[in-house]
Amino acid sequence: MAAPLGKRKWPCARRGGGAAYKGVGSAMEARDLRWETLEALRASSKGRLKYFRHSDRDEDILEGCISPLMLSSYAGWVLDRMAGSSAQAAARSGCAPASHAAPPAEESSAPACEEPSPPSRSETKGSSDPGVLEVNQEVLPIPPVSKMAKVEGCIQMYEEIYRMKGRERLRQRQEQQEQMVRAACDMAREQLKRFDEMKELKRRQEIQELREVMEKSLKETQGQQEKLKEEHRHRAKILNLKLREAEQQRQRQEEQERLRREEGQERLRRLYSIQEELLQLNQQIDPNYKHKDLLKIDLSAYSNRGNQICGLVSGLIRTTSERGFPSQTDVANTEQALKEMRGLISSMQQEIAAAVEEKKRRDEQEKKQKQEELLKKQQAEAQTPAPAQPAGGKQQKGALSVKAGEGVMKWYQQLQDTAAQCAAAFSAMSHSKDAEVKKIRMELQKAVTIPVSQISTIAGSQLRQIFDKLNNLLSGKPVQSAGETVLVTQLPQGLDFVYYKLAEKFVRQGEEEVASHRESAFPIALVISGIWEAYPRVGELFLAHLHKTCPYAVPFYPAYKEGASMEEYQRMLGYLVQDNKMEEEDHFLKRMSGLIRLYAAVIQLRWPYGNKQGAHPHGLSYGWCWLAQMLNMEPLVVVTATLLYDFLEVCGHALMKQYHCQFWKLLLVMQEDYIPRIEAITNVGQKASLTRFKQFLQESLQKKDIPLPKGFPQPSFWRS
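So in this note's numbering, spot 525 of the sequence shown is number 1353, and the numbers just go up one at a time.
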């Protein structure tokens, strides 16, 4: 147990040593002693106390803090050591401490080192300086009383702060609880109001039901009374004959009145139903005002007449309600008004239908006329050479060909024959009515179309999985598709069917996916290139489908044949024709652009995991031939500029790396000779694609560079 600070006995030192202690090093030693004393206090049992912010025993903890400070035995040992250090310092100043051994006789006679007597407790307590303890006439500095008071004050202040924080939080919690109680009270009051309203409603319903029961019982009572009266009349027939006749007359009058009232109520209900139907019919007129701008017809007369009829019927019902029940004439008048309203609606609908039909017929005629004019213009442009003096002012060197070369057409026909033979090989399977054959055929088609539809630019690993799945299917391995195991050898012509459908699906992806998302051309082209290397027949079928869908990929401009219908010629040009309606020009150009972009991506990309020793099955040389053949043919309006721009934007960088100077010469020929030919046949409203193509050529020739197309697969793509 540590002793109180005031009762601690300090070691003795000579009075002369105390004087020396007050010398030069007194301030530093006093500070060191003070800090060591504080460390001793901190290591004591009081110093190791922990204070809790939220404690229910705040008063007990405060009492413990106010109690006198106690020093542990370890603190006393520290102070003893400090006193010894002070004595040694005093000895170095000229006086040896007397606490360890008595000095020699000759040294004890020195006046500066006399042995002092220990001070009494009253002298220690009565010292004027509370911060200094005199032990055996030696002055030792201790922590000032004011510092201890500050520590205790800080402790009390922090305790008071935490107590105030606790009170504040308690107050806030009480306020929160009060708010919750008030909210609950408000909610309870609202619920009580609703309960009272519901109770009042039920009470009214019960009163109404009671009234109905009373009326029913009253009717039953009246019936019983009538029976009693009838019995009384039978009993008093002779004596009360006149009275019975009067009673019968009264009953007949009541019956007539009841019938009249019932008929009046029925006529009133009829009037109400007619008025409701009139209002509904009148509402049908307002939405048809949208045809006013479309058909250039005026429907205001129908609306005005409908409003007049509704007003007349409303006035009639109001008048009859004031005088009683409506008559039969009133009902007939309202029915006549309803008939007139129906005729009004029918006439309006007939007029609208006739106007719509007329406008539809005119629109179809105008559209058909525009399509015929456009086709005739394209045919004339394809068969007539460009004028000698173009709009650019430069003299053209000579007329270009309208038809493709003989070798190109021969290659085109061979591909079409290959596709026709493949389709004929599995025609029996396609037209089979066997349920099992139909099921296998559908599973094979799903196994082809679903993976191709999943091709995207998300990750190279996913693209490799799709390629492996198609490769396994074509190689005869079992493949899981839509929860079913599919084998291409399940049918004799299954392999030809899969070849044909896969090539057809690749082309359809170019029409749909690449036309909408241009960057998707590269992953689709990678898969096509890999399949083409492993299965060359799929590549031939892909080209056949591509040329049939987009003859400009040959390039080849189909000519009009005598006797062929306009729809057949439109399909030959690549247009989609459904229900004798040709697709719009913008949609047609978008599809052709997607197919050319896919073709340009195929000729420059190779599957990275295939056999790289062999040559590309359809490489950049075919792209160079395509460009040369395009420039040797007369341009078409809009189509030629659009396809050249798309092809060069996708494949221009690869051609530049492959052919160097020859490629730049080709671009100069386009800029100086071919673009003026396109300008000579292009109208003012058709120059958007031409302007874009000219700007692309100018920038490429100025910079002497064509950048990689957007979405081109980088090496990091295969690590994703």
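For every residue, glycine included, the Cβ atom is placed at its ideal position computed from N, Cα and C. If you're wondering where the values come from, they're calculated on a predicted model, not measured in any experiment.
Less than 9 Å separating the beta-carbons of arginine 1425 and valine 1342?
yes
Across which residues does DSSP place valine 1405 in a beta bridge pair?
Met1410
So within the stretch 1293-1343, which uninterrupted alpha helix (DSSP H) runs reach at least 4 residues, ignoring any that extend past its ends?
1322-1337
Pull up the distance between the alpha-carbon of glutamate 1048 and that of glutamine 1111, whole angstroms please.
47 Å
What residue does the alpha helix (DSSP H) around histidine 1444 start on, and which one ends it?
Here histidine 1444 belongs to no alpha helix (DSSP H), and DSSP marks it neither H nor E.
Considering proline 1351, what are the terminal residues of the alpha helix (DSSP H) in which it resides?
1349-1362
Meets three-Cβ-pair contact criterion under 8 Å: the stretch 1465-1475 and the stretch 1498-1516
yes
Which same chain residues, not among the five before or five after alanine 1256, have their C-beta less than 8 Å away from its C-beta?
Gln1321
Would you mind giving the Cβ-Cβ distance between proline 1364 and proline 1445, rounded to the nearest angstrom? I have them listed as a contact below 8 Å.
6 Å
Three-pair Cβ contact test at 8 Å for the stretch 1508-1524 versus the stretch 1446-1459
no
Mind listing, in chain order, the continuous alpha helix (DSSP H) runs of no fewer than 4 residues lying wholly within the stretch 1372-1401?
1394-1400
Suppose you measure from the CA of glutamate 1085 to the CA of leucine 1069; what does that come to, to the nearest Å?
24 Å
Around the C-beta of proline 1543, are 16 or more other C-beta atoms found within 10 angstroms, so that it is buried, or is it exposed?
exposed
Less than 9 Å separating the beta-carbons of aspartate 1158 and arginine 1095?
yes
So is the beta-carbon of glutamate 1085 under 8 Å away from any non-hydrogen atom of the ligand PLP?
Of ligands this structure carries none, so the ligand PLP is not represented either.
Counting along the chain, where does the alpha helix (DSSP H) carrying valine 1467 start and finish?
1467-1487
Alanine 1074: first and last residue of the uninterrupted alpha helix (DSSP H) it sits in:
1069-1111
How would you write the range of the alpha helix (DSSP H) that tryptophan 1239 sits in, first residue to last?
1234-1253
Buried or exposed, going by whether 16 or more other CB atoms sit within 10 Å of the CB of aspartate 1407?
exposed
Closest to histidine 1345 by C-alpha separation, out of Ser1309, Ile1283, Leu1029 and Arg1080, would be which residue?
Ile1283
Compute the Euclidean distance between the alpha carbons of lysine 1522 and valine 1465, then round it to the nearest angstrom.
15 Å
Along the chain, where does the alpha helix (DSSP H) that runs through glutamate 1264 open and close?
1263-1281
Measuring alpha carbon to alpha carbon, tell me which residue in Tyr1487, Ser1281, Gln1005 and Val1355 is nearest arginine 1292.
Val1355
Among Gly1311, Arg1088 and Tyr1427, which has the Cα closest to the Cα of glutamate 1368?
Tyr1427
Taking the straight line between their C-alpha atoms, what separation do you get for tyrosine 1397 and alanine 1129?
49 Å
How would you call leucine 1301, buried or exposed, if buried means at least 16 neighbouring beta carbons within 10 angstroms?
buried
How would you call tyrosine 986, buried or exposed, if buried means at least 16 neighbouring beta carbons within 10 angstroms?
exposed
Nearest residue (CA-CA) to leucine 1417, options Pro1386, Ser1517 and Leu1374:
Ser1517
Spatial neighbours of leucine 1029 within its chain, please: CB distance less than 7 Å, with the 5 preceding and 5 following residues excluded, ordered by chain position.
none
Is the distance from the Cβ of glutamate 1271 to the Cβ of glutamate 1312 below 9 Å?
yes
Less than 8 Å between C-beta atoms, sequence neighbours within five positions excluded: which residues of the same chain meet that for valine 1497?
Leu1459
Check the C-beta distance from leucine 1423 over to cysteine 1378 and give it rounded, since I have them as a contact under 8 Å.
4 Å
Quick check: glutamine 1273 and phenylalanine 1325, are their CB atoms within less than 9 Å of each other?
yes
In or out: glycine 1134 buried (at least 16 other Cβ within 10 Å) or exposed?
buried
Using the rule of at least 16 other Cβ atoms within 10 Å of the residue's Cβ for burial, across every protein chain shown, is tryptophan 863 buried or exposed?
exposed
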